[in-house]
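See structure below.
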Amino acid sequence: MTAPHFRKILVANRGEIACRVMRTLAEMGIASVAINHRVEARARHVRMANEAVEITGDTPVAAHLDIDQIVAAARATGADAIHPGYGFLSENARFAEAVAAAGIAFIGPDAATISLMGDKISARNFAEENGVAVAPSVMPTDDLDQFIARAEKIGFPLLIKAAAGGGGKGMSIVRSAADLAEAARIAASEAQRYFGDGRVYAETYVERPRHIEVQVLGDGEGGAIHLFERECSVQRRFQKIIEEAPSANLPEKLREDICASAVRLAAAANYKNAGTVEYILGADGRFFFLEMNTRLQVEHPVTEMITGLDLVRAQIEIAAGKGLPLAQADVTARGHAIECRICAEDPDRDFMPETGQVQYLGVPEEGWLRFESALDQGQKVTADFDPMLAKLVVHGKDRHEAVDRSIAALDGLALLGVKTNIDYLARVLDHGAFRAGELHTGFVSEHKEALASAAIPAATLPQVLAAAALGFREFQDLALGTPEPYAAIGGWRN
Amino acid sequence: MAIRLSLDDKVHHVTILRRHPHLVLVIDGEEHEITRLPGPGDGRGTMSIGGHDVGFARATLGDRQVVRLGGRTFDVSRVDPFSKGGAAGGAQDALRAPMPGAVVTVHRQPGDRVVRGEPLVTIESMKLQTALPAPRDGVVAGILRAEGETFEKDEVIATLEPETEDA
Amino acid sequence: MRKIQSMISTSSADFRRYETHNRRLLAEFRERQEAARHARPQRDLERLSKQGKMRPRERIEKLLDPGTPFLELSSLAANMAYDGDSPSASSIVGIGVVSGREVVIRADDPTVKGGAWYPLTAKKIVRALDIAMENRLPVIHLCDSAGGFLQLQSEVFPDKYMAGRIFRNQSILSKLGVKQLSLVFGHCTAGGAYIPGLSDYSVIVRGTGAVFLGGPPLVKAATGEEVTVEELGGADMHTSVSGTADYPAANEEEAIHIGREIVAQWDRPRKWDCQQEAPEDPAYDPEELYGIIPDDIKKQFDMREVIARIVDGSRFHEYQPAYGTTLICGFANIWGYKVGILANNGVLFNDSSLKGGHFIELCNQNNTPLVFLQNITGYMIGREYERRGITKDGAKMIMAQSCSRVPKFTVMCNGSFGAGNYGMCGRAFDGRFLFTWPNHQIGVMGGDQAANTLAEVKVNQMKRNGGTVDRDEVDRLWEETRKAYHEQLSAYYSTSELWDDGIIDPVDTRNALGIAISASLNAPLSEPGYGVFRF
Chain A
2 MTAPHFRKIL VANRGEIACR VMRTLAEMGI ASVAINHRVE ARARHVRMAN
52 EAVEITGDTP VAAHLDIDQI VAAARATGAD AIHPGYGFLS ENARFAEAVA
102 AAGIAFIGPD AATISLMGDK ISARNFAEEN GVAVAPSVMP TDDLDQFIAR
152 AEKIGFPLLI KAAAGGGGKG MSIVRSAADL AEAARIAASE AQRYFGDGRV
202 YAETYVERPR HIEVQVLGDG EGGAIHLFER ECSVQRRFQK IIEEAPSANL
252 PEKLREDICA SAVRLAAAAN YKNAGTVEYI LGADGRFFFL EMNTRLQVEH
302 PVTEMITGLD LVRAQIEIAA GKGLPLAQAD VTARGHAIEC RICAEDPDRD
352 FMPETGQVQY LGVPEEGWLR FESALDQGQK VTADFDPMLA KLVVHGKDRH
402 EAVDRSIAAL DGLALLGVKT NIDYLARVLD HGAFRAGELH TGFVSEHKEA
452 LASAAIPAAT LPQVLAAAAL GFREFQDLAL GTPEPYAAIG GWRN
Chain B
11 MAIRLSLDDK VHHVTILRRH PHLVLVIDGE EHEITRLPGP GDGRGTMSIG
61 GHDVGFARAT LGDRQVVRLG GRTFDVSRVD PFSKGGAAGG AQDALRAPMP
111 GAVVTVHRQP GDRVVRGEPL VTIESMKLQT ALPAPRDGVV AGILRAEGET
161 FEKDEVIATL EPETEDA
Chain C
37 MRKIQSMIST SSADFRRYET HNRRLLAEFR ERQEAARHAR PQRDLERLSK
87 QGKMRPRERI EKLLDPGTPF LELSSLAANM AYDGDSPSAS SIVGIGVVSG
137 REVVIRADDP TVKGGAWYPL TAKKIVRALD IAMENRLPVI HLCDSAGGFL
187 QLQSEVFPDK YMAGRIFRNQ SILSKLGVKQ LSLVFGHCTA GGAYIPGLSD
237 YSVIVRGTGA VFLGGPPLVK AATGEEVTVE ELGGADMHTS VSGTADYPAA
287 NEEEAIHIGR EIVAQWDRPR KWDCQQEAPE DPAYDPEELY GIIPDDIKKQ
337 FDMREVIARI VDGSRFHEYQ PAYGTTLICG FANIWGYKVG ILANNGVLFN
387 DSSLKGGHFI ELCNQNNTPL VFLQNITGYM IGREYERRGI TKDGAKMIMA
437 QSCSRVPKFT VMCNGSFGAG NYGMCGRAFD GRFLFTWPNH QIGVMGGDQA
487 ANTLAEVKVN QMKRNGGTVD RDEVDRLWEE TRKAYHEQLS AYYSTSELWD
537 DGIIDPVDTR NALGIAISAS LNAPLSEPGY GVFRF
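Going down the list, the sequences are from chains A, B and C. First residue of the first sequence: 2, per the numbering used here; consecutive thereafter. First residue of the second sequence: 11, per the numbering used here; consecutive thereafter. First residue of the third sequence: 37, per the numbering used here; consecutive thereafter.
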């Protein structure tokens, strides 16, 4: 084991990713500092950490976005680095800058790189300049009418999205000139509302596109390697729910091209630390640069599973100046990995978020699966944070086995008390088109009917009712609390 | 004596036929023999029902049981056939004055449909205003005191239409 | 314990003849029982359903835990009284399980004269409450009665064991900490009003349930006041104004539901720990009992054959198998409960009486409940036996039995004549339960013996008075006596008068005893002790 440069790292996040980072910190002998809002004082990431600092805010989310408090917490606890996780401040250049200014190492790229990649337009321009294919597009402008005129020129379908945003907010597909103006205006207003920046951006929309992304590591000095790609095409509400590595049915040549493209971009940017270059891949084999995420991805475990690497450890070592952990030639992939995002939501009601209490949590245990979560039995699931409760990551010797194992693991996963998409995920995995690898980002809506929950099988119904009835104390007493010899005599009448 | 369970908006009946040598439940009119009983409480369990070993996980949330079985999660809730009544059972038809006083406001009129807990009249007594709630869901039959009128303790202030049987 | 080796041949002519005979007796019993339970004038049933009321047996079925037994007691009470106008003495009494607790259920029967109480109704209710007291069993009253049957008030009202005893028993039950719940489905008028009034908990059905000392007609007659049933004693008045009843219910179903919830709050009984094994069915088929009991009360049979068809695994540890052989004594298990059995295998002699008394003492010392299986013509009489002290030996057995601290149960398997009835825990000896088989006969002596005795006395009298004996008169007396005896000796007369807790199908004996023993264990054992034995 390489001697760690850092002795204490503050994890500026919560939930499963905070726990996941702390696990590696523990393995590396590095002390961990958690931050938490009052409502999560007893959360698992707080319990896991060596120490915790309470942060305040009007809402729990606001607290987690408060740069000053978090930097102060790192200072107060003597942390010499901050790991931002994903989401929250992980791609906030101001945060990276504030951390650096405080003399604390930021585990991620520097503020300039975050800024470069954080803006879709500058990122796109940078990619284009460095020979990375981009979709024909219209640059954002303050003049909406001009924007509409230019967009019309590149043809349809068009994808319109917020220049400053991500995560599907303010995104829409326009299929004809008639709808363009209205869609642009809505996108602009949503962009304004969510991101405080009303500029919108349009590009050629690829039909039945696949979302392929490449995990890269850069040393900050032009050295970069890729850890193969991930396929994240199964999405709902523009958010990924199932990711896998490697991608299904990807010709080897195409894989090499995409990965090489990503390495080119990272190298050109003198990218430091872990990053992900996202592409959209058309059925015709053309792929376009989508964006670069300058942080650890939610779905990083599938890459870890096929490469055997610990990406958090790699991040820390790179941040500590130890350079890349291995050479490209030493990166190998073994088998297939699939991640399912377990969310508190109702797939039968358009994936609306659900709340409740986790009354029982039963997780199957297998050498080939990772259950990444910060859930505790008895925990309340509120609307305070993202509805993602956990990630179920499974490895198999090939895609077929990974799918089967994922379905088995989902079947064996019991997360009771709050409605989740567990059953839905199993139906997706078991769908013929998924098994055949016929994926695209419209998969969920294309197979909507087939994926809807089916009627309860006749043989299952009495089993469920019996199990439920016997779960009620009163009925249990009635069934089992009858004194002898009455119970044995039964319904006798004289 | 059966327990009524609701699953996906359908009501099912479960009762006990026998306990020996094995528990036999009658579920929606059909007998099911449980040769191995699940343990009590939340968590994973196994039972043998109709000759099949069935593994499941179960959690209790008040009047709900969440059951995970066969890779699916089911939300089963108990139907209380008498939930219309008050906690003490049997809702009353008459709303009686809890103390002597005068009517300040009449909120609902005869013929109005009301739900349990909804104020029917507000009274004032001992310088204290109190809203008298409907004792159960129903239809107002009569308001027997107008605004400003006084009454004695236990006098009937309002009445509800008698309940009709609904199966 | 060894399994009893049955000597019965089920293919023998006797077996088949006896079986035919006893199955006929059983069919007659079931027929009478069916009529007592269900035969009612259509008019009464229609009135009931118009009121939205369930029949009393439906109420009981809904009250009981599903899939559990109900041991009905005295189903043919009053079957030979009042020209049959009061089937089951207008009330239903039994032991069952409600919300996991064993309880006595006592229900008025509004399908008979509005549920009015006949003299034997009062006797049956008093007996039900005696059972509750002796065994510390909670009581659930299902009230729906017009009150005392006024035409027979002198037999219902004034004496010690008449209606007043019901309320006295209710009060004593409460003092003993035995819970009572009343579900008021119909009227509780006059004395009947005290049943909910003296219960710890009461539920009353809105619209049909009412409790008052005097109903509207009586009030009008007495004070001129005109008042409706609801105002006078309805559910809302009693649960919100008078506090006489506790819970209002919208209908009978809800009343039962609330009642079950109330019982579910009661503490579970702490029974004394009678020695128990895992229960086991008898090795011999109990249905063979029909072929074992002879077709004539005078025919002897081996009571071991009966024991073999009642006890667990047909296993029996016989005590003193070679001594006093006309009384079989020994240990066995019934539904797992260890019991000491005393069973008649002939007339009681000095040795059998002493053996019986000794065995009873052993059981008392060992906390073993006693089961008496009666088929007794009495203690042996005659000079030789009096000289050997048959009376004082019989007295020892009676003393030991009377002073027993362990619960006692009696089954009238066949005849019960003379003082043998006493020694073998007849009705007067406070056995917890006494069940009767349909073939049973009871009396101070048999019909023929009584006729012979009276005829003998008559002849002697005639001889003293004039010397000539009028043979025809003597024959007439003999015939009348025999006939009168025959009717009053029958099990139906016995059960009509509540000299027992009901006729049962012999095959049901095991279940009836199992429930009876279980119930008896609720009452703590009293201190041991006997009176003076005459040695």
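Cβ coordinates follow ideal geometry from the N, Cα and C atoms, glycine included. Note that the coordinates shown come from a computational prediction; the quantities given were computed from them, not determined experimentally.
Exercise. Buried or exposed: Glu-340 (chain A), going by 16 or more other Cβ atoms within 10 Å of its Cβ?
Worked result: Taking the first sequence and counting its residues from 1, the one referred to as residue 340 (chain A) is at position 339. The residue is buried, with at least 16 neighbouring Cβ atoms inside 10 Å.
Problem set entry | Nearest candidate by alpha-carbon position, reference Gly-121 (chain B), set B:Val-34, B:His-42 and B:Leu-170 | As a working mapping, residue 121 (chain B) is identified with position 111 in the second sequence. Residue B:Leu-170 is the option with its Cα nearest to Gly-121 (chain B).
Exercise. Beta-carbon of Val-382 (chain A) versus every beta-carbon of chain B: anything under 7 angstroms?
Worked result: Numbered from its first residue, the first sequence carries residue 382 (chain A) at position 381. No, no contact with chain B.
For this session: Just mark Gly-95 (chain B) as buried or exposed, buried being the case when its beta carbon has 16 or more other beta carbons within 10 Å.
Result: Working through the second sequence from its first residue, we reach residue 95 (chain B) at position 85. Unreliable positioning characterises Gly-95 (chain B) in this predicted model, as indicated by a pLDDT of 44, which lies under 50. The coordinate reading is nonetheless provided below. Buried.
Problem set entry | Short CB-CB distance (under 7 angstroms) between Lys-160 (chain C) and chain A | Start at 1 with the first residue of the third sequence, and residue 160 (chain C) comes out as number 124. No, its Cβ sits nowhere closer than 7 angstroms to a Cβ of chain A.
Exercise. Got a sec, what are the start and stop residues for the alpha helix (DSSP H) Ser-562 (chain C) sits in?
Worked result: On the third sequence, residue 562 (chain C) is found 526 positions in, with the first residue counted as 1. Ser-562 (chain C) -> no alpha helix (DSSP H), and no H or E assigned at all.
Problem set entry | Distance, Val-72 (chain A) Cα to Arg-194 (chain A) Cα | By 1-based counting over the first sequence, the position of residue 194 (chain A) is 193. By 1-based counting over the first sequence, the position of residue 72 (chain A) is 71. Their backbone Cα atoms lie some 27 angstroms apart in a straight line.
Exercise. Counting only beta-carbon atoms, is Ser-554 (chain C) nearer than 7 angstroms to chain A?
Worked result: Taking the first residue of the third sequence as 1, we reach residue 554 (chain C) at position 518. Yes, Ser-554 (chain C) counts as interfacial toward chain A.
Exercise. Quick one: is Gln-477 (chain C) buried, meaning 16 or more other Cβ sit within 10 Å of its Cβ, or exposed?
Worked result: Numbered from its first residue, the third sequence carries residue 477 (chain C) at position 441. Gln-477 (chain C) is buried by the Cβ-count criterion.
For this session: Spatial neighbours of Ser-207 (chain C) within its chain, please: CB distance less than 8 angstroms, with the 5 preceding and 5 following residues excluded, ordered by chain position.
Result: Numbered from its first residue, the third sequence carries residue 207 (chain C) at position 171. Result list for Ser-207 (chain C): Leu-234, in chain order.
Exercise. In the region 70 to 82 of chain B, which residues sit with their C-beta less than 7 angstroms from some C-beta in chain A, listed in chain order?
Worked result: Thr-70, Leu-71, Gln-75, Val-76, Val-77, Arg-78, Leu-79, Gly-80, Gly-81 and Arg-82
For this session: State the DSSP-derived secondary structure class of Tyr-359 (chain C), mapped to helix, strand or coil.
Result: On the third sequence, position 323 is the one that residue 359 (chain C) refers to. In this structure, Tyr-359 (chain C) counts as coil in the three-state DSSP scheme.
For this session: Establish whether the CB of Leu-466 (chain A) and some CB of chain B are separated by less than 7 angstroms.
Result: Within the first sequence, numbered from 1, the residue matching residue 466 (chain A) stands at position 465. With 7 angstroms as the cut-off, Leu-466 (chain A) counts as an interface residue toward chain B.
Exercise. What does Tyr-237 (chain C) pair with, by DSSP beta-bridge criteria?
Worked result: Working through the third sequence from its first residue, we reach residue 237 (chain C) at position 201. C:Leu-217, per the DSSP bridge assignment.
Problem set entry | Neighbourhood of Ala-456 (chain A) by C-beta, 7 angstroms cutoff - its chain only, sequence neighbours within 5 removed | Position 455 of the first sequence, counted from the first residue, corresponds to residue 456 (chain A). Closer than 7 angstroms at the Cβ level, and outside the excluded window around Ala-456 (chain A), lies no residue.
Exercise. Roughly how many angstroms separate the alpha carbons of Asp-377 (chain A) and Ala-415 (chain A), rounded to a whole number?
Worked result: Translated into positions along the first sequence, residue 377 (chain A) becomes position 376. Translated into positions along the first sequence, residue 415 (chain A) becomes position 414. Going from the Cα of Asp-377 (chain A) to the Cα of Ala-415 (chain A) covers about 13 angstroms.
Exercise. At a Cβ threshold of 7 angstroms, is Val-133 (chain C) touching chain A?
Worked result: Taking the first residue of the third sequence as position 1, residue 133 (chain C) is located at position 97. So yes, Val-133 (chain C) belongs to the interface.
Exercise. Would Ala-98 (chain B) be called buried (16 or more neighbouring beta carbons within 10 Å of its own) or exposed?
Worked result: Stepping through the second sequence from its first residue, residue 98 (chain B) is reached at position 88. Since pLDDT at Ala-98 (chain B) reaches only 39, below the 50 mark, its modelled position is unreliable, and the value read off the structure follows with that caveat. Answer is exposed; the Cβ neighbour count stays below 16.
Problem set entry | Length of the line joining the Cα atoms of Gly-222 (chain C) and Gly-88 (chain C) | Sequence index remark: in the third sequence, residue 222 (chain C) carries index 186 (1-based). Sequence index remark: in the third sequence, residue 88 (chain C) carries index 52 (1-based). Between Gly-222 (chain C) and Gly-88 (chain C), the C-alpha separation is close to 11 angstroms.
Exercise. Shorter than 7 angstroms from the beta carbon of Asp-164 (chain B) to some beta carbon of chain C?
Worked result: Locating residue 164 (chain B) in the second sequence gives position 154, where the first residue counts as 1. Yes, Asp-164 (chain B) lies at the interface with chain C (some Cβ there is under 7 angstroms from its Cβ).
Problem set entry | Distance between Glu-341 (chain C) and Glu-266 (chain C) (C-alpha atoms, nearest Å) | Position 230 of the third sequence holds residue 266 (chain C). Position 305 of the third sequence holds residue 341 (chain C). So the two alpha carbons sit approximately 60 angstroms from each other.
Exercise. Going along the chain, which residues of the region 87 to 103 of chain C sit with their C-beta nearer than 9 angstroms to a C-beta in chain B?
Worked result: Gly-88, Glu-97, Lys-98, Leu-99, Leu-100, Asp-101, Pro-102 and Gly-103
Exercise. Taking the continuous beta strand (DSSP E) assigned at Lys-20 (chain B), which residues delimit it?
Worked result: For the purposes of this step, residue 20 (chain B) is taken as residue 10 along the second sequence, with counting starting at 1. Taken as a continuous stretch (DSSP letters only), the beta strand (DSSP E) holding Lys-20 (chain B) covers 20 to 28.
Exercise. What residues are listed by DSSP as bridge partners for Tyr-373 (chain C)?
Worked result: For the purposes of this step, residue 373 (chain C) is identified with residue 337 of the third sequence, where counting begins at 1. For Tyr-373 (chain C), which the question treats as bridged, DSSP gives the partners C:Gln-312 and C:Ile-370.
Exercise. Would Leu-186 (chain C) be called buried (16 or more neighbouring beta carbons within 10 Å of its own) or exposed?
Worked result: As a first step, residue 186 (chain C) must be located in the third sequence, where it is residue number 150. Counting Cβ neighbours within 10 Å, Leu-186 (chain C) comes out exposed, since fewer than 16 surround it.
Exercise. Do Gly-479 (chain C) and Leu-525 (chain C) have their CB atoms nearer than 7 angstroms?
Worked result: Working through the third sequence from its first residue, we reach residue 479 (chain C) at position 443. Working through the third sequence from its first residue, we reach residue 525 (chain C) at position 489. Yes, the Cβ-Cβ distance between Gly-479 (chain C) and Leu-525 (chain C) is below 7 angstroms.
For this session: Thinking Ile-68 (chain A) and Ala-53 (chain A) are a contact (beta carbons under 8 angstroms), I'd like their distance in whole angstroms, please.
Result: On the first sequence, position 67 is the one that residue 68 (chain A) refers to. On the first sequence, position 52 is the one that residue 53 (chain A) refers to. No, Ile-68 (chain A) and Ala-53 (chain A) are not in contact; Cβ-Cβ is about 18 angstroms, not under 8 angstroms.
Exercise. What span of residues does the beta strand (DSSP E) with Asp-484 (chain C) cover, start to end?
Worked result: Residue numbering aside, residue 484 (chain C) sits at position 448 when the third sequence is read from its first letter. No beta strand (DSSP E) holds Asp-484 (chain C); the alpha helix (DSSP H) holding it covers 483 to 501.
Problem set entry | Interfacial residues, the region 525 to 548 of chain C to chain A, with Cβ spacing under 8 angstroms | Gly-538, Ile-540, Asp-541, Asp-544, Asn-547 and Ala-548
For this session: Identify the continuous alpha helix (DSSP H) that holds Ser-605 (chain C) and give its terminal residues.
Result: Nothing about residue 605 (chain C) can be reported from this structure: the residues present for chain C run from 37 to 571 only.
Exercise. So, does the CB of Gly-363 (chain A) fall closer than 7 angstroms to a CB anywhere in chain B?
Worked result: One-based indexing of the first sequence puts residue 363 (chain A) at position 362. It does; some Cβ of chain B falls within 7 angstroms.
Problem set entry | At least three beta-carbon pairs within less than 8 angstroms, the region 440 to 449 of chain A to the region 381 to 395 of chain A | no
Problem set entry | Residues near Gly-104 (chain A) by beta carbon distance below 7 angstroms, same chain, minus five either side | Here the question's residue 104 (chain A) lines up with position 103 in the first sequence. Result list for Gly-104 (chain A): empty, nothing under 7 angstroms.
For this session: Indicate the three-state DSSP secondary structure (helix, strand or coil) for Leu-107 (chain C) in the structure shown.
Result: Your numbering for residue 107 (chain C) matches position 71 in the third sequence. Residue state, collapsed to three classes: strand.
Exercise. Helix, strand or coil: which one does DSSP assign to Gln-524 (chain C)?
Worked result: The sequence position of residue 524 (chain C) within the third sequence is 488, counting from 1. Here Gln-524 (chain C) sits in helix by DSSP.
Problem set entry | Against chain C: residues of the region 472 to 488 of chain A by CB proximity under 8 angstroms | Glu-475, Asp-478, Leu-479, Gly-482, Thr-483, Pro-484, Glu-485, Pro-486, Tyr-487 and Ala-488
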